[in-house]
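Below is one structure, written out as structure tokens; comments come after it.
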Amino acid sequence: MRIRFTRRMALAGAVALTAVPAFGQDAWPTGPVRVFVGFPAGSSPDVLARIVTDQLAQRLGQPIVIENRPGAGGVIGVQQMLVSAGDGHTFGTTINGPLTTAQRMMDSTGFDVETDILPVTLIATSPLVLAVSADSDMDDLESFIAAAGADIEAIAYGSVGQGSGAHLTAELFATEAGVSMLHVPFTSYAEVTTSILGGEIDAGFMAPSAALPFVEAGTMRMLGITSAEPFAQAPDVPLIAGNAGLPDDFRAELWNAFIAPAGTDAATIERLNTEIADILADPAVQEQLVTIGWQAAPGTPDDLRARIADDTAMWGAVIDRVETQ
Amino acid sequence: MTTWEGLLFGIGFVTQPEVLIYCFLGVVLGTFVGVLPGIGAMAAISLLLPITYYITPEAALIMLAGVYYGAQYGGAVASILLRLPGTPQSAVTTLDGYPMAQSGRAGVALFTAMASSFVGSVIGIIVLVMLAGWLSRAATAFGAADYAAMMILGLVAASTIGTARPAKGFAMVTLGLLLGCIGTDVNSGAQRFTFGQTELLDGINLVALAMGLFGVAEVIANVRNPDRQSVAARIGLRRLMPTRGDLRRMVPPMLRGSALGSFFGALPGTGSTLSSFLSYSMERRIARQPERFGTGAVEGVAGPESANNSAAITAFAPTLTLGIPGDPIMALLLGALVIHGIQPGPMMLEARPEMFWGLVASFGIGNLLLLILNLPLIGIWVAMLRIPFNYLYPAILVFLCLGVYSVRGLTFDIVAVAGIGLAGYLLAIARFSPALLLLGFVLGPLIETNLRRAFLISRGDPMVFLERPIAAGFVIATVALLLLPVWQAWRRRGAGSRL
Numbered sequence: 067m068r069i070r071f072t073r074r075m076a077l078a079g080a081v082a083l084t085a086v087p088a089f090g091q092d093a094w095p096t097g098p099v100r101v102f103v104g105f106p107a108g109s110s111p112d113v114l115a116r117i118v119t120d121q122l123a124q125r126l127g128q129p130i131v132i133e134n135r136p137g138a139g140g141v142i143g144v145q146q147m148l149v150s151a152g153d154g155h156t157f158g159t160t161i162n163g164p165l166t167t168a169q170r171m172m173d174s175t176g177f178d179v180e181t182d183i184l185p186v187t188l189i190a191t192s193p194l195v196l197a198v199s200a201d202s203d204m205d206d207l208e209s210f211i212a213a214a215g216a217d218i219e220a221i222a223y224g225s226v227g228q229g230s231g232a233h234l235t236a237e238l239f240a241t242e243a244g245v246s247m248l249h250v251p252f253t254s255y256a257e258v259t260t261s262i263l264g265g266e267i268d269a270g271f272m273a274p275s276a277a278l279p280f281v282e283a284g285t286m287r288m289l290g291i292t293s294a295e296p297f298a299q300a301p302d303v304p305l306i307a308g309n310a311g312l313p314d315d316f317r318a319e320l321w322n323a324f325i326a327p328a329g330t331d332a333a334t335i336e337r338l339n340t341e342i343a344d345i346l347a348d349p350a351v352q353e354q355l356v357t358i359g360w361q362a363a364p365g366t367p368d369d370l371r372a373r374i375a376d377d378t379a380m381w382g383a384v385i386d387r388v389e390t391q
Numbered sequence: 015m016t017t018w019e020g021l022l023f024g025i026g027f028v029t030q031p032e033v034l035i036y037c038f039l040g041v042v043l044g045t046f047v048g049v050l051p052g053i054g055a056m057a058a059i060s061l062l063l064p065i066t067y068y069i070t071p072e073a074a075l076i077m078l079a080g081v082y083y084g085a086q087y088g089g090a091v092a093s094i095l096l097r098l099p100g101t102p103q104s105a106v107t108t109l110d111g112y113p114m115a116q117s118g119r120a121g122v123a124l125f126t127a128m129a130s131s132f133v134g135s136v137i138g139i140i141v142l143v144m145l146a147g148w149l150s151r152a153a154t155a156f157g158a159a160d161y162a163a164m165m166i167l168g169l170v171a172a173s174t175i176g177t178a179r180p181a182k183g184f185a186m187v188t189l190g191l192l193l194g195c196i197g198t199d200v201n202s203g204a205q206r207f208t209f210g211q212t213e214l215l216d217g218i219n220l221v222a223l224a225m226g227l228f229g230v231a232e233v234i235a236n237v238r239n240p241d242r243q244s245v246a247a248r249i250g251l252r253r254l255m256p257t258r259g260d261l262r263r264m265v266p267p268m269l270r271g272s273a274l275g276s277f278f279g280a281l282p283g284t285g286s287t288l289s290s291f292l293s294y295s296m297e298r299r300i301a302r303q304p305e306r307f308g309t310g311a312v313e314g315v316a317g318p319e320s321a322n323n324s325a326a327i328t329a330f331a332p333t334l335t336l337g338i339p340g341d342p343i344m345a346l347l348l349g350a351l352v353i354h355g356i357q358p359g360p361m362m363l364e365a366r367p368e369m370f371w372g373l374v375a376s377f378g379i380g381n382l383l384l385l386i387l388n389l390p391l392i393g394i395w396v397a398m399l400r401i402p403f404n405y406l407y408p409a410i411l412v413f414l415c416l417g418v419y420s421v422r423g424l425t426f427d428i429v430a431v432a433g434i435g436l437a438g439y440l441l442a443i444a445r446f447s448p449a450l451l452l453l454g455f456v457l458g459p460l461i462e463t464n465l466r467r468a469f470l471i472s473r474g475d476p477m478v479f480l481e482r483p484i485a486a487g488f489v490i491a492t493v494a495l496l497l498l499p500v501w502q503a504w505r506r507r508g509a510g511s512r513l
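Structure (structure tokens):
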């Protein structure tokens, strides 16, 4: 009811002010904006969304409500955004999984990334670190690869689930390094950490923020990082790219993006893209993101579209290899 | 900082008015969300999380933790009065608490639950202060094989509670195990029995299952029996205080329950629920008249209520000393710190001692506040039973739906709770125990995941269950528990033939 009322107001205003053709556009947003997040309150993707939308709300002059709809690796958040779409005030932030690998891992996600979703902007990226227990005698990438061996599965590694970024990154690494490892799926980095510390498994590709506290406490060691450049949160960790015989272009990053449902005004997308780019240019915001393990990485909607396509192809090839094993 | 310095510092910290007020707010809110069926600590903490941006991280943690353990107190209220467990842990409390209320001893049952919660919490706090380091080492020492063996023991020990016929209990546990299979299998990634529904990928919502089986089923049963109204009207304020005999019977179960809860609470996973089931089954096994259980035994309320409260306290040991959350609520509490730019981890205790000691002291003060708050409320809760059922039950259904919806924000779960409620009603008619279904549902996926993970890590070698000392201990205890009735029967027959 309220929306209809404001639309009528806007219409009346537009009729009265026909001399200002851009009125309708400038009026957006006309009410509170909803942003769907596919992870629970307090999780890393949720905190990231709150950091960005806090500033965005001030810039748009309207409150932003975060709608946490956790489940199915973030897919439910995207689905719920699409279900609620249509008022021009419904958006979402999501990690890469639901837009790149979920279509392969699930029977049906209920949406088509290309036709149902409009990219707004990439927000931030996060690499993974290869972590082992400080008690192990593996102290660099070379000794790790030597210990892993070619096809004996001597090393057991933990991930946060079948088809998770941690799993696929480890399999990509294994292919490039020519090793074979035993995959042990868990459901959270907390479980992976416990298992590494207890000596049950040997290693894991982990979010830097999950591994760092244990590295500082002297109970874990990081052997390499999957980003193309050194990562601000863990600048001393050597790159995996170009190290120990791995290719120079080795790169595996998780990311987080701002998306809109199909049918959203092009002008709205443009406005959101510019505002978020401005927010992410602020060093204070960048600093906040680094503390929770994310590196600001804004770009155009087309950049994000290309990233989705590239990563879908890259991880698709990894999934193909895992499935034929 | 030594323990005494730490405690003194912590007490000084919490008694600052601006911290004390958040502690008070937390426990009051916790009590109420615990009382309201379906709306749990998880939902309340999620809603409060954004507000904590504006207060200090210590005050935020103290308030949110207050909601968490405060809900354990409140959870017993609806279990006892209406057979509507506010939380899965308090499902066990319905087994004897509700019969007590039905026979006019609602006040005594509530007093027992409150006193047991307080004793359990105090023992939990002492254990946490003295043994935090040891408890968190225990948490990392437990591997997949140890968890699998421990939970199998839990399942075997508890699988006959709340029912007169073992076969019916076994059937309910099995049904729970089967329902637990729904969703994505952690080990293979396979989607089982989801019928293409994304909402089922993470399994059936635990809150929807508990609220449907207990809450909705109970409402339907009462609609069909209008004469239950008069039963509720007859009972009431008659006796609120326990007799001397009640007191004597409730103290030993409190101490045993607290010991169980303190240990299991520190293990990541399902410590709190498992320990309340284990405590109940232990009390029934060692009781001189086990047949009293299920008909209103004080021990059946005292043991589980102290167990789940001490578990709620010691669950903070791995969370605070290692930064490893044992359950989703603990993860949420750590999330509150992340919002403030504090990275939880093993160094947190050294880097921010005020956080640990402030929180520990707030547990003590918070539990004292809860006791002072809840004892006078007993009369009010009992008086609630005088609300005519035609007003009370529709209100309960609304709260149930709110609570179920608050977990994930999905209407799917509300439809699910209605369907589960109908099934729960049919089970109740046939006198099957919903508590055991819940136990199977909670433990099943954990047993399966850990069992298969143990075999994966050991490369298929079953000896892992005997080589690891912890796992071996649980395996031996399980076998002993299974052989116990056989041995008892053999001895009885032996004694009989000698006569």
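Protein chains in written order, with my numbering: chain Z, 67 to 391; chain A, 15 to 513. Glycine is no exception: its CB is placed at the ideal position from the N, C-alpha and C atoms.
Per-residue contacts from residue i into chain Z (C-beta, under 9 Å)
| i | result |
| --- | --- |
| A/Val352 | Gly108, Ser109, Ser110, Val113, Ser275, Thr357, Ile358 |
| A/Arg366 | Here the premise fails: no neighbours, minimum Cβ distance about 12 Å. |
| A/Leu346 | Pro106, Ala107, Gly108, Ser109 |
| A/Gly147 | None at all; the shortest Cβ gap to chain Z is about 13 Å. |
Neighbourhood of residue i by C-beta, 6 Å cutoff - its chain only, sequence neighbours within 5 removed
| i | result |
| --- | --- |
| A/Ala246 | Reliability fails at A/Ala246, whose pLDDT of 49 lies under 50, so the model's placement of it is uncertain and no value is given. |
| A/Leu351 | Pro71, Pro358 |
| A/Gly454 | Val187, Gly190, Leu191 |
Burial state of residue i (16 or more Cβ within 10 Å)
| i | result |
| --- | --- |
| Z/Thr390 | exposed |
| Z/Tyr255 | buried |
| Z/Pro327 | buried |
| A/Gln103 | buried |
| A/Val493 | exposed |
| Z/Glu237 | buried |
| A/Leu496 | exposed |
| A/Ala204 | exposed |
| A/Val374 | buried |
| A/Arg422 | buried |
| A/Phe207 | exposed |
| Z/Asp112 | buried |
| A/Arg248 | Here A/Arg248 scores only 49 on pLDDT, less than 50, and its place in the model should not be relied on; the value that follows carries that caveat. Burial call: exposed. |
| Z/Arg373 | buried |
Integer-rounded CB distance, given that residue j should sit under 8 Å from residue i
| i | j | result |
| --- | --- | --- |
| Z/Ile262 | Z/Gly224 | 7 Å |
| Z/Gly270 | Z/Val258 | 5 Å |
| Z/Ala276 | A/Leu63 | Not really, about 20 Å apart at Cβ, beyond 8 Å. |
| Z/Thr292 | Z/Ile306 | 6 Å |
| Z/Gln361 | Z/Ala115 | The Cβ separation is near 16 Å, so there is no contact. |
| A/Leu387 | A/Thr101 | Not confirmed; about 18 Å, so no contact. |
Interface partners of residue i on chain A, CB under 7 Å
| i | result |
| --- | --- |
| Z/Ser174 | Gly210 |
| Z/Ala283 | Gly359, Pro360, Met361 |
Neighbourhood of residue i by C-beta distance below 8 Å, restricted to the same chain and skipping five residues each side
| i | result |
| --- | --- |
| A/Leu348 | Thr333, Gly337, Pro339, Pro358 |
| Z/Asp348 | Gln121 |
| A/Leu78 | Gly40, Ile59, Leu62, Leu63, Thr66, Leu346, Leu347, Ala350 |
Within chain A, partners of residue i - CB distance below 9 Å
| i | result |
| --- | --- |
| Z/Asn339 | Within chain A, no residue comes near Z/Asn339; the closest Cβ sits about 25 Å away, beyond 9 Å. |
| Z/Asn134 | Ser60, Arg422, Gly423 |
Chain Z contact residues for residue i, given Cβ-Cβ distances below 8 Å
| i | result |
| --- | --- |
| A/Ala153 | Thr260 |
| A/Ala85 | Neighbours of A/Ala85 on chain Z: none; closest Cβ ~17 Å, over 8 Å. |
| A/Pro282 | Ala256, Glu257, Thr260 |
Beta-carbon neighbours of residue i, restricted to chain Z and to distances below 7 Å
| i | result |
| --- | --- |
| A/Ile471 | Ala222, Val250, Glu266, Ile267 |
| A/Asp216 | Gly137, Ala138 |
| A/Ile338 | Ala256, Thr259, Thr260 |
| A/Ser202 | Gln228 |
Within chain A, partners of residue i - CB distance below 8 Å
| i | result |
| --- | --- |
| Z/Leu278 | Gln357, Gly359 |
Cβ of residue i within 9 Å of any chain C Cβ
| i | result |
| --- | --- |
| Z/Leu263 | Protein chains in the displayed structure are Z and A, and chain C is not among them. |
- [ ] Report the residue ranges of all beta strand (DSSP E) runs contained in full by the stretch 187 to 267 of chain Z; include only those spanning at least 3 residues, in chain order.
- [x] Listed in chain order, the complete beta strand (DSSP E) runs (minimum 3 residues) inside the stretch 187 to 267 of chain Z are 195 to 199, 222 to 225, 248 to 251.
- [ ] Counting only runs of 4+ residues fully inside the stretch 15 to 44 of chain A, write out the alpha helix (DSSP H) ranges in chain order.
- [x] Fully enclosed alpha helix (DSSP H) runs of 4 or longer: 17 to 28.
- [ ] List in chain order: all unbroken alpha helix (DSSP H) runs of 4+ residues lying wholly within the stretch 273 to 330 of chain Z.
- [x] Within the stretch 273 to 330 of chain Z, the complete alpha helix (DSSP H) segments at least 4 residues long are 274 to 282, listed from N- to C-terminus.
Open item on the list: Going residue by residue through the stretch 404 to 475 of chain A, where are the continuous alpha helix (DSSP H) segments of at least 4 residues, counting only ones entirely within it?
Closed with: Runs of the alpha helix (DSSP H) lying entirely within the stretch 404 to 475 of chain A and spanning at least 4 residues, in chain order: 425 to 443, 448 to 471.
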